[in-house]
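In my numbering, the protein residues as written are 10 to 253.
Encoded structure:
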């Protein structure tokens, strides 16, 4: 069985804290492997765990654009998210997918299949990007702790690419990004999409790949309590967000 948690539209701090609470539940054997889907309720920059703030974003643009700031538990690059992006996270026993590259092969393959079902031809650009017509539409990151693997990523549905570029610092490596190098589902399909349509495609693709039926099991009281504590003691604290 694959547990499905759909948090709908939620606060950025809730989303990062719940991902850790879900990982803890799975680690303790209290919950089965879990697929978590959500949309952040405001424009947000998500710092990779080891990223330095001023190297990754323009602090003045953060203020000018009214963008919220969180630091997540996975590494990888800093990203911009908004209500036009669907975010997914998959939490499983790390023994099931011991090699980091295999985690990306699995999840990126799932995203490619989901996009195909929506009428978009996409490809996996290793290690962790999804490309449509030469432009990036999805990226992912992962963390391994407490015997669990959590791999999560974004799918650009109808995001504000202009704001994304104003907030994020330009990169000067093989992962450099410009507005012209990014795309979203609305642009590729030429029509707006209901987020439910995208969620359904992802759930079907994950269920088929993992050969597990997805069953909705909502966040329980223990997890709600852990979310509250994690926000108060970790994710909501300025010294955690601004570390490094």
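Yeah, the Cβ is synthetic: ideal placement off N, Cα and C, and Gly gets one too.
- Counted as a single uninterrupted DSSP element, the alpha helix (DSSP H) harbouring residue 249 occupies residues 247-250.
- Restricting attention to 214, 172, 210 and 230, the CA atom closest to the CA of residue 66 is found in 172.
- Between residue 121 and residue 131, the C-beta spacing is below 7 Å.
- Contact annotation: residue 150 and residue 13 have beta-carbon atoms that are not nearer than 7 Å.
- Membership of residue 169 in any beta strand (DSSP E) is not indicated, and neither H nor E is assigned to it by DSSP.
- The three-state secondary structure of residue 72, taken from DSSP, is helix.
- Counting along the chain, residue 202 sits inside no beta strand (DSSP E), nor does DSSP assign it H or E at all.
- Taking residue 138 as the centre and dropping the five residues before and after it, the same chain places the C-beta of 145 and 148 closer than 6 Å to its C-beta, in chain order.
- Between the region 73-81 and the region 94-111 there are fewer than three inter-stretch CB-CB distances shorter than 8 Å, so the stretches are not counted as touching.
- A Cβ-Cβ contact shorter than 7 Å links residue 123 with residue 214.
- Straight-line measurement puts the Cα of residue 23 at about 21 Å from the Cα of residue 37.
- Distance from the CA atom of residue 71 to the CA atom of residue 165, rounded to whole angstroms, is 20 Å.
- In terms of CA proximity to residue 217, 115 leads the group 160, 236 and 115.
- For residue 158, the three-state secondary structure derived from DSSP is strand.
- In the structure shown, the three-state DSSP call for residue 58 is coil.
- Contact check for residue 197 against residue 141 passes: the beta carbons are separated by less than 7 Å.
- Following the DSSP letters along the chain, one finds residue 16 inside the beta strand (DSSP E) bounded by residues 11-19.
- Annotated as distal: residue 167 and residue 125, with beta-carbon spacing of 7 Å or more.
- CA-to-CA, the gap between residue 89 and residue 27 works out to about 19 Å.
- Here the alpha carbon of residue 50 sits roughly 11 Å from the alpha carbon of residue 16.
- Put simply, the backbone Cα of residue 209 is about 28 Å away from that of residue 84.
- Around the Cβ of residue 157, a 10 Å sphere holds 16 or more other Cβ atoms; the residue is buried.
- Shown here for residue 46: same chain residues with a beta carbon closer than 6 Å to its own, the five before and five after excluded, namely 15, 97 and 208 in chain order.
- Residue 86 carries a coil assignment under DSSP once its states are collapsed to helix, strand and coil.
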